[in-house]
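S.K.:
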Amino acid sequence: MARTKAAEYDERKHAIVVAAASLFASEGFEGASVSGIAERGKITKSLIYHYYKSKEDILYDVMISHVRDLENAANEAVAEKDWLPARKLRELAHRFMALYVGAADRHKVLLNDLKRLPKARRAEIVGVQRRLIETVQTLLIEIEPSLKHKAGKSFAAAMLFFGAINWTHTWFDPKGAVSAGALAEMAVDLTLGGIAKAAE
């Protein structure tokens, strides 16, 4: 069956995003150029400009595609009606770590270059990030309801959870002794132990 134009469009945009993320992650946004993206992705500048008006537009797509993937992963994890909140949190952690490993360049760019985006686009991405924090915060309160009555502690616990996994791209080796899945379990175990103590 012949591929549709929509499929080809998505594939080409994805190839540009992957190449751009790789270059932005290694050279920084300011140090990267559209010519460099073309060279990194083995594509033409004219193809890039067919899909994007500027380097800033590519940066936005690198970031928004990553946070949308994270949001979809979180939504899928919490949608399992038969799972207890702790299992949902573990599934979310596993899905996030898989995305962090598979999209390490995009994750690094998100953490380092968000300030490069215009205010409105930056606000859109921050809005998704806030929803992710709220999702984890809600799960933690469902696991330990007393957190709801302890000012700031559920938010702090959610931020500590993200702190445990968000920067793994700076040191984690997927081929090392600890797998991404094992790391996800450790992050959840540390979080659950922490909220149990905080709830005392």
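Taking our numbering, the leading residue of the sequence shown gets 81, the next gets one more, and so forth. All C-beta atoms, glycine included, are put in the ideal place defined by N, C-alpha and C. Everything numeric in this text was worked out from a predicted model, so none of it was measured.
Using a 10 Å radius around the Cβ and a threshold of 16 neighbouring Cβ atoms, would you call Tyr-132 buried or exposed?
M.R.: That one is buried.
S.K.: DSSP on Leu-270, reduced to helix/strand/coil?
M.R.: Three-state DSSP puts Leu-270 in a helix.
S.K.: Could you say which of Phe-235, Arg-201 and Ala-260 lies nearest to Leu-139 if we only look at CA atoms?
M.R.: When each option's Cα is compared against that of Leu-139, the closest is Arg-201.
S.K.: In three-state terms, what does DSSP make of Pro-254?
M.R.: DSSP places Pro-254 in coil when its eight states are reduced to three.
S.K.: Taking Asn-246 as the reference, which of Ile-213, Lys-233, Glu-222 and Ile-223 has the closest Cα?
M.R.: If we check each option's Cα against that of Asn-246, Ile-213 comes out closest.
S.K.: With three or more C-beta pairs closer than 8 Å as the rule, is the region 155 to 171 touching the region 118 to 138?
M.R.: The region 118 to 138, when compared against the region 155 to 171, does not touch it at the 8 Å Cβ threshold.
S.K.: Please classify Arg-120 as buried or exposed, where buried requires at least 16 neighbouring CB atoms within 10 angstroms.
M.R.: So Arg-120 ends up on the buried side.
S.K.: Comparing alpha-carbon positions, which option in Arg-211, Lys-255, Leu-219 and Gly-232 lies nearest Leu-272?
M.R.: Nearest of Arg-211, Lys-255, Leu-219 and Gly-232 to Leu-272, Cα basis: Leu-219.
S.K.: Can you give me the C-alpha to C-alpha distance between Val-147 and Val-258, rounded to a whole angstrom?
M.R.: The straight-line gap from Cα to Cα measures roughly 25 Å.
S.K.: Distance, Cα to Cα, Glu-75 vs Thr-84?
M.R.: The shown model of the chain, from 81 to 280, leaves out residue 75, and the question about it has no answer.
S.K.: Measuring CB atoms only, is the region 164 to 174 touching the region 99 to 112, in the sense that at least three cross pairs come out at less than 8 Å?
M.R.: Touching, no.
S.K.: Is DSSP giving Glu-160 helix, strand or coil here?
M.R.: It is coil, neither helix nor strand.
S.K.: Rounded to whole angstroms, how far is the Cβ of Val-181 from the Cβ of Ala-260, which I believe are closer than 8 Å?
M.R.: Confirmed, Cβ separation roughly 5 Å.
S.K.: Determine the direct distance from the alpha carbon of Asp-162 to that of Lys-135, and round the result to whole angstroms.
M.R.: Lys-135 and Asp-162: Cα-Cα distance of roughly 44 Å.
S.K.: Which residues in the same chain have their Cβ closer than 6 Å to the Cβ of Ala-112, if we skip the five residues on either side of it in sequence?
M.R.: Around Ala-112: Leu-103 and Phe-104.
S.K.: Return the first residue and the last residue of the alpha helix (DSSP H) that Tyr-132 is part of.
M.R.: Element bounds for Tyr-132: n/a, residue is neither H nor E.
S.K.: Would you tell me roughly how many angstroms separate the C-alpha atoms of Met-81 and Gly-256, rounded to the nearest one?
M.R.: With a pLDDT of 47 at Met-81, under the threshold of 50, the modelled position of this residue cannot be trusted, and the question is left open.
S.K.: Distance check for Glu-151 and Glu-171, CA to CA, integer angstroms please.
M.R.: About 13 Å.
S.K.: Are there 16 or more other CB atoms within 10 angstroms of the CB of Val-142, so buried, or fewer, so exposed?
M.R.: By the 10 Å Cβ count, Val-142 comes out buried.
S.K.: Have a look at Pro-198 and Glu-204 and give me their C-alpha separation to the nearest angstrom.
M.R.: Going from the Cα of Pro-198 to the Cα of Glu-204 covers about 10 Å.
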